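K.L.:
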Ligand code: HAM
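Numbering (the working numbering), first residue to last: 37 to 460.
1) If the criterion is Cβ atoms closer than 8 Å, does the pair residue 292 and residue 305 meet it?
2) Does the beta-carbon of residue 40 have 16 or more other beta-carbons within 10 angstroms, so that it is buried, or is it exposed?
3) Quick check: residue 82 and residue 110, are their CB atoms within less than 8 Å of each other?
4) Given a threshold of 16 other Cβ atoms within 10 Å of its Cβ, counted over all protein chains shown, does residue 118 qualify as buried or as exposed?
5) DSSP state of residue 359, grouped into three classes?
6) Please tell me whether, using a cut-off of 7 Å, the distance from the CB of residue 372 to the nearest non-hydrogen atom of the ligand HAM is below it.
7) Across which residues does DSSP place residue 364 in a beta bridge pair?
8) CA-CA distance, residue 327 and residue 192?
9) Tell me whether residue 318 sits in a helix, a strand or coil according to DSSP, three-state version.
10) Measure the alpha-carbon distance for residue 144 versus residue 401 and round it to whole angstroms.
11) Any contact of the region 353-366 with the region 62-72, i.e. 3+ C-beta pairs under 8 Å?
12) Give me the Cα-Cα distance between residue 309 and residue 419, rounded to the nearest whole angstrom.
13) Rounded to the nearest angstrom, how far is the Cβ of residue 480 from that of residue 147, given a contact under 8 Å?
14) So, helix, strand or coil for residue 270, using DSSP?
15) Per DSSP, what kind of secondary structure is residue 200 in: helix, strand or coil?
16) Is residue 94 near the ligand HAM, going by C-beta to nearest heavy atom under 7 Å?
17) So what does DSSP say about residue 123, is it helix, strand or coil?
18) Quick one: residues in its chain with C-beta nearer than 7 Å to the C-beta of residue 176, no 5 flanking neighbours on either side, listed in chain order?
19) Helix, strand or coil, according to DSSP, for residue 50 in the structure here?
20) Can you list, in chain order, the residues of its chain with a C-beta nearer than 6 Å to that of residue 385? Leave out the 5 residues immediately preceding and following it.
21) Give a yes or no on contact between the region 202-213 and the region 251-261, applying the rule of three or more CB pairs nearer than 8 Å.
22) Alpha carbon to alpha carbon, how far is residue 312 from residue 253?
23) At which residue ranges does the region 286-312 contain complete beta strand (DSSP E) runs of 3 or more residues, listed in the order of the chain?
24) Taking the beta carbon of residue 166 as the centre, do at least 16 other beta carbons fall within 10 Å, making it buried, or is it exposed?
The following block contains the structure:
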């Protein structure tokens with residue numbers, strides 16, 4: 037029996053890969069406009085990094101981590117998200133000494149042992165950004181403007197931005213207590229998970245998808261009514277700056293996020309097109325995280341997008357792999373040899389060129405050129421080799437024109453340029 041892949045961990049096949057590359061390249065292009073630089077961190081970290089940052093009582097740490105002991109009995113974990121590893125690296129390499137503000141982005145696989153379904157996988161990919169060193173509300177708005185810019189650039193429209201503020205260590209404990217008092221009288225109606233969360237992580241109850249919990253918490257106290265003056269004015273300023281930058285948003289005071297490191301601004305880009313997995317991107321401020329992980333007391337804010345969800349949203353509007361620009365068809369043994377050399381020269385000159393190397397008939401070679409979607413074909417036989425001239429055929433309309441073999445690559449480049457101009 038052949039070996040198959042692991043449940044919830046997908047292969048990204050060649051036909052899908054152009055869309056992935058497009059999403060990644062667009063992130064590199066857009067994020068660099070905002071001064072972000074790429075950072076690459078390992079996929080495995082010490083387990084305690086995630087326990088300390090994401091929080092011991094979160095679903096991720098309690099239930100979803102791929103944790104194992106290595107041969108030296110160290111507890112390691114496949115990263116379930118990118119923020120903690122990036123902060124670990126930021127602190128370890130003292131990036132704060134290089135500049136007072138660090139703007140970093142990353143992309144790559146993350147791992148969570150969740151129940152797989154459409155848009156939710158056990159290995160999934162994130163593209164994320166983290167800005168460390170600024171707590172000015174303008175940076176919150178700028179990060180969201182960058183996210184908004186990215187969605188426009190990749191052509192995803194059916195998403196909306198929801199924002200909230202989760203307060204800070206000064207005001208959140210008061211709110212938490214209010215919520216506990218409210219839930220205490222309604223405990224029996226909560227689902228089993230929420231009865232547990234009630235004492236360990238009561239804010240998470242607001243995020244529960246169970247119908248009973250939703251009904252019970254419908255008139256729960258709002259975090260926004262319990263912000264201290266500093267958090268309140270920060271949140272108001274973020275909203276004002278978003279308006280100034282023409283970034284549309286809605287306030288969702290029930291958004292609590294599944295990771296404990298957040299302070300003040302939190303946000304999600306949501307869609308109605310992915311069923312239960314409605315968050316395409318999510319993030320927020322984490323002003324205490326760098327210090328919590330042993331670094332200086334620096335504020336931070338960031339987000340991560342789920343690439344699989346972006347791909348699903350793009351659907352048919354995704355990108356296709358590039359097709360060959362020229363297919364060389366050979367007639368006879370002498371032409372086969374010549375084509376083999378010409379092919380190599382063309383490729384070195386930057387032309388996507390193909391030929392058949394399996395001895396197919398001319399007809400079958402042309403069929404293959406067609407199947408590959410080659411833009412042009414050129415048949416070489418003894419006559420063409422003797423005269424140094426051949427017919428370049430444009431596959432889209434069947435039109436043919438004579439080219440000298442010596443000037444083949446120049447002529448072809450000229451034709452391709454003209455074609456792409458006329459299609460603009
Ligand atoms: P998160 O909300 O856990 O936040 O994940 C961010 C995004 O990753 C989600 O909105 C979703 O699109 C995608 N995602 C999460 N889990 C899965 C899954 N199992 N399958 C497919 N996609 C998934 C974070 O990870 C934070 N580190 C974001 C952040 C960065 N906050 C500040 N900086």
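C-beta: ideal position from N, C-alpha, C; glycine also.
Keep in mind that this is a model prediction, so the values were computed, not measured.
P.N.:
If we stick to the structure as given:
1) no
2) exposed
3) yes
4) buried
5) coil
6) For residue 372, the shortest C-beta to heavy atom distance toward the ligand HAM is 7 Å or greater.
7) The partner list for residue 364 (beta bridge, DSSP) reads 391, 414.
8) Taking the straight line joining both Cα atoms gives about 36 Å.
9) It is a strand residue.
10) 39 Å
11) no
12) Each residue's alpha carbon lies about 58 Å from the other.
13) The displayed coordinates of the chain run from 37 to 460. Any statement about residue 480 would go beyond what the structure contains.
14) helix
15) Correct three-state label for residue 200: strand.
16) no
17) The answer is helix: DSSP assigns residue 123 an H, G or I state.
18) Closer than 7 Å at Cβ, skipping near neighbours: 274, 301, 321, 337.
19) helix
20) 445
21) yes
22) 19 Å
23) 299-306
24) Answer is buried; the Cβ neighbour count reaches 16.
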